[in-house]
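Quick note, my numbering runs 61 ahead of the 1-based positions in the sequence shown. Below: one structure, written as structure tokens.
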Amino acid sequence: MSAPGIKRALVVRGGWDGHQPVEATDSFLPFLDEHGYDVRVEDTSAVYADAGYMASVDLVVQTNTMNTIEREELNGLRSAIEHGTGMAGWHGGIADSYRASSDYLQLIGGQFATHPTRAPQEDLKGEAADCFTHYTVNIVPEQADHPIVKGIQDFDLHTEQYWVLSDEYNDVLATTTIPVTPYHPWHRPITCPAVWTRLWGEGRIFVATPGHDMGVLADANVRTIIERGILWASR
């Protein structure tokens, strides 16, 4: 645990460049500074294996998409969270980080499965924008007074809509519903968590699936939810 009066945040970033991990995390550094965090930035997950350092960390902010993690690194991350370190992240940087690890999936509580494409007749180009659709993030009514979403109404986005595989241990604060279309193979709408929290030992985990790039992170609702989630998750 960090010394009295000192809060330590660890930013771990990397993976697929399309999620702008450097620019995205850099944009939150002033926020962390304003809230009194001593921030360390790492470009790999190797730091998670440093048990002594991880015990001093109050908050991990991760954006590390489609990457791999070594066993000792994951064990270090899980142990730190179990003992009170918080973890927060958005989009593929937390929900699509280490696809080969079922233990990581259990820790986070949700895994990216797909993001539906626009209609084929809209001249898809094989680019990320092919999956940018208009959709709504719905605040769960029973969670409307939760400090992460309090005062926020349902809101619309034009970006990737995450179909997430998840479990009932999540405390879901917001959802999004993927519709049935004539050009996709599913037969009924799929409602997935879009914002959730998860308690793990003494630690807290926060996940928001919106946040594909800097444009989405500039949305006032998305930004507010992530900033509040970061503070909520912290030790």
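Where is the CB? At the ideal position from N, CA and C, for every residue including glycine.
Go ahead and label residue i buried or exposed: buried means 16 or more other beta carbons lie within 10 angstroms of its beta carbon, across all protein chains shown.
i      : result
TYR98  : buried
SER163 : exposed
GLY66  : exposed
TYR196 : buried
TYR223 : buried
ARG259 : buried
LEU278 : buried
LEU185 : exposed
So the alpha helix (DSSP H) residue i belongs to, where does it begin and stop?
i      : result
ARG132 : 132-143
PRO254 : From DSSP, PRO254 is part of no alpha helix (DSSP H) but of the beta strand (DSSP E) over 251-261.
TYR114 : 112-115
Just to confirm, is the Cβ distance from residue i to residue j under 9 Å?
i      : j      : result
ARG74  : VAL108 : no
LEU120 : LYS68  : yes
ALA161 : THR126 : no
ALA116 : ALA141 : yes
ALA156 : THR270 : yes
ALA70  : TRP151 : no
THR220 : GLY290 : no
Give me, in chain order, the residues of the same chain whose beta-carbon lies closer than 7 Å to that of residue i; leave out the 5 immediate sequence neighbours on both sides.
i      : result
VAL201 : VAL233, LEU234, ALA235 and THR236
TRP247 : VAL241
VAL225 : ALA156, GLY171, GLN172, PHE173, ALA174, CYS253, PRO254 and THR270
ASP104 : ARG74 and GLY75
ASP280 : LEU218
Suppose you measure from the CA of residue i to the CA of residue j; what does that come to, to the nearest Å?
i      : j      : result
HIS273 : TRP293 : 22 Å
TYR159 : GLY264 : 20 Å
LEU90  : GLY170 : 26 Å
ILE266 : ASN199 : 20 Å
THR178 : ARG296 : 38 Å
HIS245 : THR194 : 14 Å
LEU168 : GLY147 : 12 Å
HIS96  : ILE286 : 16 Å
ARG249 : ARG284 : 31 Å
ILE213 : GLU203 : 13 Å
PRO243 : ASP206 : 38 Å
Residue range of the beta strand (DSSP E) that residue i falls in?
i      : result
GLU288 : No beta strand (DSSP E) holds GLU288; the alpha helix (DSSP H) holding it covers 281-294.
ASP99  : 98-103
VAL268 : 264-269
GLY154 : Unbroken run through GLY154 is the alpha helix (DSSP H), 153-156; no beta strand (DSSP E).
ASP217 : 216-221
ALA235 : 232-239
Cutting at 8 Å between CB atoms, please list the residues of its own chain near residue i, excluding the five before and the five after it.
i      : result
VAL83  : ARG74
GLY262 : ILE142, GLU143, HIS144 and GLY145
ILE251 : TRP224, THR238 and ILE239
GLY154 : ARG74, GLY76, HIS80, PRO82, ALA85, GLN123, THR124, ASN125, THR126 and GLY272
GLU310 : Residue 310 lies beyond the range of the chain shown here (62 to 296); nothing can be said about it.
TYR230 : GLY170 and ARG259
Please work out which residues of its chain come closer than 6 Å, Cβ to Cβ, to residue i, disregarding the five sequence neighbours upstream and downstream, and give them in chain order.
i      : result
PHE216 : VAL198 and ASN282
GLU133 : ALA110
Any heavy atom of the ligand ZN closer than 8 Å to the CB of residue i?
i      : result
GLY262 : Of the ligands one can find in the structure shown there are none, so the ligand ZN has no counterpart to examine.
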